[in-house]
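Undergrad: Have a look at this one before I ask anything.
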Amino acid sequence: MRRIHVGNALGAFGLGFTVPYLYVYVAQVRELGAVTAGLVLAVFAVAALVVLPFAGRAIVRRGALPVLLVALVTAALGALSLGLASSAVSVLLAAGVLGAGQAVMQPALATMIVDCSTAGTRSRAFAMQFFLQNLGLGVGGLIGGHLVDATRPGSFTLLFAVEAAMFLLLVGIMATVRMPDAPRIGSGVPRAKGSWKELLGNRAMVQLCVLGFVLFFACYGQFESGLSAYGVEAAGISTSALGTALAANTAMIVVAQFVVLRFVERRRRSRVIAAVGLIWAVAWGVAGYAGLGDGSQAMATAAFISTYALFGLGEAMLSPTVAPLVADLAPAGMAGQYNSAFALVKQLALAVGPAVGGPMGAALHGPYVVTFLLFSLGVTFLAVRLGRQLTPVQNQPSMARSRVVARGAEASEAVSAKV
């Protein structure tokens, strides 16, 4: 588990070097224009949507570790090719390779965490993963920002080379991991058949996927598109203040993650997710004040930064809640397919979110805030509804630990009575 967490941090560190600067690199440094830069971002989403349906079956059949190693090598080749590409065709092809590798890494690593944890330790394991991912992205972006120079294309090539090197270093670390035996197809362990039809027959999983789509659509899908456009156009937020808002989001996650974890572990998962919806509704209300209120520019900037911080608080509550719930809903040996299905839903939301939110945030300021405030309240409604489909232990894993302790105490009392 420690090596998996180190791998998560290194992968995020490598991504942090390039993700904030990808648009500038394609549009300005390689002089391929805004249209090509937009297509590159679309190619990442399309590549993920193409490979994820197959990734789940591959993880189930071959195991998460071999699939992860292939994905890492693929991503390293894509990153290096992107750093050397100079034409629109080569840039788009390299982006497709990199996007495919990155997309498969997510469910593979999540499945490895499931295989190396128990129901009692899973929430903390996923919280640690989310914490290290955000820390790695933040540190990587900070260092990359000091290395990059828009007047020197070679500095961008260096960034992509560092990203590729991080992926290859991760290959070396993961190659030393010895995974515990996890049930796979052909292992003889009783399991579900593993078809997509059977997955769709799991009502709790289907409801969780619908909830996940709304979560990612209403929050993550707005960070770099609709919400930033709204801040600039409606609230008059400067680019430096926008960077501060993103930093506040990461800082909130890093600072609050393990404080929040103590609260989350003792609560029902459905109620935690419902609370996140309410927090995000407040965040959208604060965003509305920033862009539509009559306060000063300083107040609008402070409100906008607070919006991102509130989103970060909700994210910190979700990380030890949603991913472990996906694993707990999966039949024996099918965690890889369930993780891939949920990752596919996430990618769909991240593809649709900017397309819908970007134009609204730039031009329809009032309707934009009201729409996504209602989506946040929809998260609360869907979470409460999901809770009715979960078993008590799925909804609150701490109940299982409490029952074990209680039974152990009863057994001790019985032995003492006999003695």
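The sequence shown begins at 31 in this note's numbering and counts up by one.
Even for Gly, the Cβ is constructed at its ideal location relative to N, Cα and C.
Does the Cβ of S442 have 16 or more other Cβ atoms within 10 Å, making it buried, or fewer, making it exposed?
TA: Because the pLDDT at S442 is just 44, under 50, the model does not fix this residue reliably, and the value given afterwards should be weighed accordingly. Burial state of S442 is exposed, judged by a 10 Å Cβ sphere holding fewer than 16 other Cβ atoms.
Undergrad: What's the call for A317, buried or exposed, on a 16-neighbour Cβ count within 10 Å?
TA: buried
Undergrad: Quick check: what's the CA-CA separation for L45 versus A381?
TA: 19 Å
Undergrad: What's the C-alpha gap between V178 and Q58?
TA: 13 Å
Undergrad: Just to confirm my understanding: we take G126, look at its own chain, exclude 5 residues before and 5 after, and list those with CB closer than 7 Å. What are they?
TA: V73, A77
Undergrad: Candidates A149, A271, L112: which alpha carbon is nearest A320's?
TA: Out of A149, A271, L112, A271 has the C-alpha closest to the C-alpha of A320.
Undergrad: Work out the CA separation of A42 and F246 for me, nearest whole Å.
TA: 19 Å
Undergrad: Should R299 be labelled buried (16 or more other beta-carbon atoms within 10 Å of its own) or exposed?
TA: When all chains shown are included, R299 counts as buried.
Undergrad: Out of curiosity, what's the CA-to-CA distance linking P183 and F402?
TA: 39 Å
Undergrad: Give me, in chain order, the residues of the same chain whose beta-carbon lies closer than 7 Å to that of E345; leave out the 5 immediate sequence neighbours on both sides.
TA: I283
Undergrad: For T337, count neighbouring C-beta atoms within 10 Å of its own C-beta (all shown protein chains included) and say buried if the count is 16 or more, exposed if not.
TA: buried
Undergrad: How would you call W314, buried or exposed, if buried means at least 16 neighbouring beta carbons within 10 angstroms?
TA: buried
Undergrad: On the DSSP letters alone, give me the boundaries of the alpha helix (DSSP H) that V161 sits inside.
TA: Contrary to the premise, residue 161 reads as Phe rather than Val in this sequence. Note, F161: alpha helix (DSSP H), 152-177.
Undergrad: Locate the alpha helix (DSSP H) running through R301, then write down its first and last residues.
TA: 299-322
Undergrad: Whose C-beta lies closer than 8 Å to the C-beta of L378 among residues of the same chain, with five residues either side of it excluded?
TA: Result list for L378: L79, F243, in chain order.
Undergrad: Quick one, which of T181, P137, F190 has its alpha-carbon nearest I34's?
TA: P137
Undergrad: Starting from the N-terminal side, write out each stretch of the alpha helix (DSSP H) that is 4 residues or longer and does not extend beyond the segment 231-263.
TA: The qualifying runs are 233-248, 256-263.
Undergrad: Rounded to the nearest angstrom, how far is the Cβ of V356 from that of L238, given a contact under 8 Å?
TA: 7 Å
Undergrad: For V103, which of L198, G273, F341, L340 has the nearest alpha-carbon?
TA: L198
Undergrad: Pick helix, strand or coil for S185, following the three-state DSSP scheme.
TA: helix
Undergrad: In this structure, how does DSSP classify M204 when only helix, strand and coil are distinguished?
TA: helix
Undergrad: Can you list, in chain order, the residues of its chain with a C-beta nearer than 6 Å to that of A67? Leave out the 5 residues immediately preceding and following it.
TA: Y53, V56, A57
Undergrad: Less than 6 Å between C-beta atoms, sequence neighbours within five positions excluded: which residues of the same chain meet that for P354?
TA: Cβ within range, chain order: R152, S153, F156.
Undergrad: Compute the Euclidean distance between the alpha carbons of F341 and R60, then round it to the nearest angstrom.
TA: Between F341 and R60, the C-alpha separation is close to 34 Å.
Undergrad: Might you give, ordered along the chain, the residues of its own chain that have their beta carbon closer than 7 Å to the beta carbon of F372, omitting 5 neighbours on each side?
TA: C239, G242, V356
Undergrad: Is the CB-CB distance between G86 and A105 below 8 Å?
TA: no
Undergrad: What alpha helix (DSSP H) runs, 4 residues minimum, are completely inside the segment 321-386?
TA: Complete alpha helix (DSSP H) runs here, min 4: 327-348, 352-359.
Undergrad: Closest to G261 by CA distance: which of I335, V352, L162 is it?
TA: I335
Undergrad: Flag this pair as yes or no: are the beta carbons of P384 and G251 separated by less than 8 Å?
TA: yes
Undergrad: Would you kindly report the start and end of the unbroken alpha helix (DSSP H) that includes I136?
TA: Correcting the residue identity first, residue 136 is Gln in this sequence and not Ile. First-last of the alpha helix (DSSP H) with Q136: 118-145.
Undergrad: Apply the 10 Å Cβ neighbour rule to D358 and answer buried if 16 or more other Cβ atoms are within range, or exposed otherwise.
TA: In summary, D358 is buried, with 16 or more beta-carbon neighbours lying within 10 Å of its beta-carbon over all protein chains present.
Undergrad: Note down the Cα distance separating A307 from G175, rounded to an integer number of angstroms.
TA: The question names Ala, but residue 307 in the sequence shown is Gly. Rounded to the nearest angstrom, the two C-alpha atoms are 33 Å apart.
Undergrad: Are L82 and A124 close, meaning C-beta to C-beta below 8 Å?
TA: no
Undergrad: What are the boundary residues of the alpha helix (DSSP H) that R32 is part of?
TA: 32-48
Undergrad: Compare the Cα-Cα distances from G95 to each of I143, L404, A194, A264 and report the closest residue.
TA: Rather than Gly, the amino acid found at residue 95 in this sequence is Leu. Of I143, L404, A194, A264, the residue nearest in Cα terms is I143.
Undergrad: Could you tell me the distance, in whole angstroms, from the CA atom of G37 to the CA atom of A140?
TA: 12 Å
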